[in-house]
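When we follow UniProt numbering, the leftmost residue of the sequence shown carries the number 1, and every step to the right adds one.
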Amino acid sequence: MSENPSSTASSVDEPLAAHALQAKWQRYWAENATFQAGDATDVRPRKYVLAMFPYPSGDLHMGHAENYLYSDIVARFWRHRGHNVLNPIGWDSFGLPAENAAIRRGADPREWTYQNIAQQKAGFESYGVSFDWSRVLHTSDPEYYRWNQWLFLKLHERGLAYRKKSPVNWCPNDQTVLANEQVVDGRCERCGAEVVKKNLTQWYFRITEYADRLLDDLNQLEGRWPHKVLQMQRNWIGRSIGADVDFRIEGRDAPVTVFSTRPDTLHGATFFVVAPDSDLAAELAAGAPADVRQRFQDYLTQVQKATDIDRQSTDRPKTGVFLEQYAINPVNGEKLPIWAADYVLADYGHGAVMAVPAHDQRDLDFARAFDLPVTVVVDTTAPVTGAMPVIEVDEEGVPIDTAEAFDDQHPSKTGIALTGDGRMINSGPLNGLSKRNAIARAIESLEAAGTGRAAKNYRLRDWLISRQRFWGTPIPMLHTTDGGIVPVPEDQLPVRLPSVEGLDLAPKGSSPLGAAESWVRTVDPTTGEPALRDPDTMDTFVDSSWYFLRFLSAQRDDVAFDADEARRWAPVDSYIGGVEHAILHLLYARFITKVLFDMGLIDFTEPFSSLINQGMVILDGTKMSKSKGNLVLFQEELDAYGADALRVALAFAGPVEDDKDWNDVSTTGAQKFLSRALRIAQDVAAPVGVVFDGGDAGLRRTTHRLLADAPGLVEQTKFNVLVARLMELVNAVRKTIDGGAGAADPAVREAAETVAVMLDLIAPHTAEEMWEILGHEPSVGLVSWRQADPVLLVEDTVTTAVQVNGKVRATLEVPARIGEAELEALARADEKVQRALADKEIIRVIVRAPKIVSFAVKG
């Protein structure tokens, strides 16, 4: 350890003094690697704390200031609790913003990216975040993306990486595919261009293979992740239980399979719908008359301009084209007209649905728009409990249509589908059954007839990872002259990005890498024949799906991560970041974790044991943005007030999960608090090492109540309450010191040291300075929190307030363990209370021992 820095005893309410403290203690931390995680010989229990790593899009902003403050509080807390803490940092440095910025400047995206990383790194250091700087990673480094490529090959070996042609979201401005999450109100979230559908051959990861595990394993995270996030994940996966039903198509040999959650309603199917952008629709249209083919082609052109989200909107007018083809209902042989309609998606189920308009609102809206029949098969007025009702039959034993009993409620008249439970009608052998029994019976009948089977379907789609841009991980696959696709051998990884010299990075519908002749032309490693590299790059979600593991072995060049290190450190104990990543990033990380578990490389199935989502820092009630001109700049606030004041102000601004309006954040108030805290350290007169067993009893009780409560406050992320309690303790110490000869009171030193140690979580530079002024060796960040003395947590007496009609009329000093009856008697006996009650009628008495007695009177 280096020599102690010289004491800087000046007040921190001046920016120059605050920056002097920052420079002094940041230099000390860097020289002594204070926050570097211990190695394998460190016997302390381990904690892995991780904040979602930043994208280097410029300087740090207030969202970063909040996110990394919270993660730093958690990391510092566990060090104080005696743990070996890993708190690393890196940059998610591939992606469109860097490439677009480079295109605008005519520069290499590497230059823009690494300049911004350097700027953000300086910001983090100035902010006093206790990162382990020995493990820094950048996903755009070949040393990192080599392992993205290795991961791709491993998934390919297991059949989890594949290539297919399918409709995708296409941004015509950025000239690349987009995930559903990147489409907002039908437009690209990056550039605002209207997104269209386009059929492309792309690479996918088969995440649907893990759909059940991704859904069921969420139960492990109950109480550890926010309920909202768990529900969003469940909804995104969207498991449905039902049946696959085979429909014959007139003139077509192979049947078409439809997934339905309600096979019990098959008798109510009156038409058949296929997604217009599906291969099936194209096939059926090809066999239709010329005028139908033309109408279909015109319709398809319009459909391709709408996003999946738009097409699923319930308030859009229903549109479609009759293909003049018919499907045969397998349960009754009826011919169902086949329509192409955009409310059915090509990648839902099998791209086709049986339409039961009486009991599905979208089907009903379509039926009413095109005057198609509506057949009720569930009597929603019938009770579903008790014995099965008697079914009325006609002379030939055929059930009478009991739907006549509620003719006024018929969906074709009301426009409202009957979606409730009830008893089956108009459904042959299912008549009279409840929904659950009818579904089971219908599946049995389909399986017996060979026309269907029980099945599950998911809203989740396979992960599209191809991107037609330069600045990303090259996909390590080769295209041979005979049309084959072969992997790049592992010993040839990484497939490095070429130089941008001579390349036009401007988006043009295909990856710029395809134009890098010397890069794209290579040889088949098996045959030696000419081959072409795959020109696409990977979705940057791949980079962030496993980065938490790379931190464990950031400097290793022989493995992606060391399995022993993974057993020691992972999974992440506390993961901190914005709720905007609640679906895809977390879902993809969970998927890759399960794949690596199946490969035997890790011994856990969920990557993040605990998740903390913070709110946004807003201004005047709206999200900050450059375009709105309502930015609060991180560096300007840092320069004006210093890191500690900014950290205290943000921590005190409100609960972690709430949005904080910057107008309500008081950096000047934080400065004043830090100044008072530093002065109490300067005023302490009791010697170092004094025994804390006497002195001001009230101050000691305040200190030990905080010692008892603070761990719970941190673990429950009530950081704002912790700051409030520290302010309370500082005020109590000040009051004792100013009361006379209190500066020499051991209780004052005990309280001041407690403030210094706990303040390290929020304002580490001030805390280090206080600790040194108090005569201790740095670093305060490694000092264990003291335990509260249980004796000092017991209050001998407390003050009781006595109210009459809501007004306090007296206060009583009573034993802390007083009973309610005794407390009420003492209150009634008090002279002030008796005068307030006089001859009035007492209508109610509320006693909350030992804090309050409240009389309600009239008269």
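C-beta atoms are modelled at their ideal positions from N, C-alpha and C, and glycine is treated no differently.
Quick caveat: nothing in here was measured; it's all calculated off a predicted structure.
Asked: Along the chain, where does the alpha helix (DSSP H) containing Asp291 start, and where does it finish?; Found: 290-303
Asked: In the structure shown, what three-state DSSP assignment does Glu813 receive?; Found: strand
Asked: Pick helix, strand or coil for Ser434, following the three-state DSSP scheme.; Found: strand
Asked: Using CA coordinates, which residue listed in Glu813, Asn426, Val356, Asp598 is at the minimum distance from Ala417?; Found: Val356
Asked: Does the distance between the C-beta of Asn720 and the nearest non-hydrogen atom of the ligand ATP fall short of 8 Å?; Found: Ligands are entirely absent from the displayed structure, and the ligand ATP is therefore not among its contents.
Asked: Asn4: buried (16+ other C-beta within 10 angstroms of its C-beta) or exposed?; Found: In this prediction, Asn4 has a pLDDT of 44, which is less than 50 and means its spatial position is unreliable; what the coordinates show is noted afterwards. That one is exposed.
Asked: For Gln635, collect the residues of the same chain with a Cβ closer than 7 Å to its Cβ; drop the 5 residues on either side in sequence, then sort them by chain order.; Found: Asp59, Gly123
Asked: Taking the beta strand (DSSP E) that Met354 belongs to, which residues open and close that run?; Found: 352-355
Asked: Is it a yes or a no for the segment 604-616 touching the segment 77-85, going by three-plus beta-carbon pairs under 8 Å?; Found: no
Asked: In whole angstroms, what separates the C-alpha of Leu601 from that of Asp562?; Found: 9 Å
Asked: With distances taken between CB atoms, is the gap from Lys456 to Asp212 smaller than 9 Å?; Found: yes
Asked: Hey, out of Trp91, Arg496, Thr113, whose CA is closest to Asn100's CA?; Found: Thr113
Asked: Three or more beta-carbon pairs under 8 Å between the segment 708-719 and the segment 665-682, yes or no?; Found: no
Asked: Ordered along the chain, which non-local residues of its own chain (more than five positions away) have a Cβ less than 7 Å from that of Tyr48?; Found: Leu86, Trp569, Ala570, Val572, Asp573
Asked: Going by DSSP in three states, Arg533 sits in which element: helix, strand or coil?; Found: strand
Asked: If you check the beta carbons only, do Val486 and Leu478 fall under 9 Å apart?; Found: yes
Asked: Excluding the 5 residues preceding and the 5 following Leu460 in the sequence, name in chain order all residues of the same chain whose CB lies nearer than 7 Å to its CB.; Found: Ile207, Thr208, Ala211, Trp236, Ile237, Gly238
Asked: Here's the rule I'm using: 16 or more other beta-carbon atoms within 10 Å means buried, otherwise exposed. How should Gln231 be labelled?; Found: exposed
Asked: Considering only the alpha carbon of each residue, which of Ile773, Gly642, Gln302, Pro88 lies closest to Ala17?; Found: Gly642
Asked: Would you say the segment 189-209 touches the segment 159-166, given that touching needs at least three Cβ pairs under 8 Å?; Found: yes
Asked: Using the C-alpha atoms, what's the distance from Val617 back to Thr319?; Found: 43 Å
Asked: Does the pairing of the segment 776-796 with the segment 820-827 give three or more beta-carbon distances under 8 Å?; Found: no
Asked: Would a C-beta distance cut-off of 9 Å place Thr648 and Ile465 closer than the cut-off?; Found: The residue you asked about is not Thr; residue 648 is Val in the sequence shown. The answer is no: Cβ separation not under 9 Å.
Asked: Just how far apart, CA to CA, sit Lys435 and Ala346?; Found: 28 Å
Asked: Among the residues of its own chain, which have a CB less than 7 Å from the CB of Pro489, if the five just before and after it don't count?; Found: Pro525
Asked: Report the residue from Gly63, Asp42, Glu143 whose alpha carbon sits nearest the alpha carbon of Ala556.; Found: Before going on, a small fix: residue 556 reads as Arg here, not Ala. It is Glu143 whose Cα lies nearest to the Cα of Arg556.
Asked: Look at the Cβ atom of Gly420, then the Cβ atom of Thr380, and state whether they are nearer than 9 Å.; Found: yes
Asked: Thinking C-alpha only, which one of Gly333, Lys807, Arg734 is nearest Gly268?; Found: Gly333
Asked: Where in the segment 182-235 do unbroken runs of the beta strand (DSSP E), each at least 3 residues long, occur, reported from the N-terminal end onward?; Found: 196-205
Asked: Using 9 Å as the threshold, is the C-beta distance between Val258 and Phe271 below it?; Found: no
Asked: Can you tell which of Ile773, Val74, Trp29, Leu782 has its C-alpha closest to the C-alpha of Ala651?; Found: Val74
Asked: For Arg110 and Ile103, I'd like the C-alpha separation in whole angstroms.; Found: 12 Å
Asked: The beta strand (DSSP E) with Tyr48 in it runs from where to where?; Found: 46-51
Asked: Check the C-beta distance from Lys154 over to Met599 and give it rounded, since I have them as a contact under 8 Å.; Found: 7 Å
Asked: Tell me, which residues are paired with Glu841 by DSSP?; Found: Lys858
Asked: Helix, strand or coil: which one does DSSP assign to His359?; Found: helix
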